[in-house]
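The opening residue of the sequence shown carries number 301 in my numbering; numbering runs sequentially from there.
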Amino acid sequence: MRLVLDTCVIVSAFRSKSGASYRLLELFDEDRYRLVATPTLFKEYETVLSRPEQVAVHQLSPWQLDEALKDLASRLLPVKIYFQWRPQLRDADDELVLEAAINGFADALVTHNVRDFLPAANHFGIEVITPGRIIKERFTR
Numbered sequence: 301m302r303l304v305l306d307t308c309v310i311v312s313a314f315r316s317k318s319g320a321s322y323r324l325l326e327l328f329d330e331d332r333y334r335l336v337a338t339p340t341l342f343k344e345y346e347t348v349l350s351r352p353e354q355v356a357v358h359q360l361s362p363w364q365l366d367e368a369l370k371d372l373a374s375r376l377l378p379v380k381i382y383f384q385w386r387p388q389l390r391d392a393d394d395e396l397v398l399e400a401a402i403n404g405f406a407d408a409l410v411t412h413n414v415r416d417f418l419p420a421a422n423h424f425g426i427e428v429i430t431p432g433r434i435i436k437e438r439f440t441r
């Protein structure tokens, strides 16, 4: 199964080790699914996680954050954008997440903001689902 994780899911995973977002990264470490991302989406992960307000919560040093992101990058499936489908969404900042899902042939786009991606993602045959729901429906059998 191929998944795209919205930036909010990555941020949640780094902020708390007790939630569904963190569990999704653990499942990725266990090779239970393929994480797909474009370079632009991955750069957004890095940019947001490096913000002072995020660092204050996840408390990783710049070196630790860099190592964690290198590890993530070394194992994800990189996606090249062949087609831009913009505009599809109300929030232009979400377009890069949807484009990664479309071009990466993702089965699902995992986000805390499901409404932001509907109905556009469904138009492309991509399920939009929360971290908790995908764990319950796909990983706890």
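Backbone N, C-alpha and C define an ideal beta-carbon position, used for all residues, glycine too.
- Comparing alpha-carbon positions, the option among SER350, ARG351 and ALA337 lying closest to ALA373 turns out to be ALA337.
- Assigned with DSSP and collapsed to three states, PRO419 falls in coil, not helix or strand.
- Within the DSSP bridge table, the entry for ALA408 names LEU303 and GLU427 as partners.
- Between VAL309 and VAL428, the C-beta spacing is not below 8 Å.
- Between PHE342 and the set LYS380, GLY319 and SER361, the nearest pair of CA atoms involves LYS380.
- The continuous alpha helix (DSSP H) containing VAL397 extends over residues 395 to 403.
- A residue is called buried once 16 or more other Cβ atoms fall within 10 Å of its Cβ, and VAL357, having fewer, is exposed.
- For the set ARG332, GLU367, ALA313 and ASP407, the Cα lying nearest the Cα of HIS423 is the one of ASP407.
- Shown here, LEU349 sits in a helix according to DSSP, grouped into three states.
- Restricted to the segment 314 to 349, the beta strand (DSSP E) segments that are unbroken, complete and at least 3 residues in length are 334 to 337, listed in chain order.
- If you check the CB distance, VAL311 and LEU349 come in under 8 Å.
- When secondary structure is reduced to three states using DSSP, LEU377 falls in the strand class.
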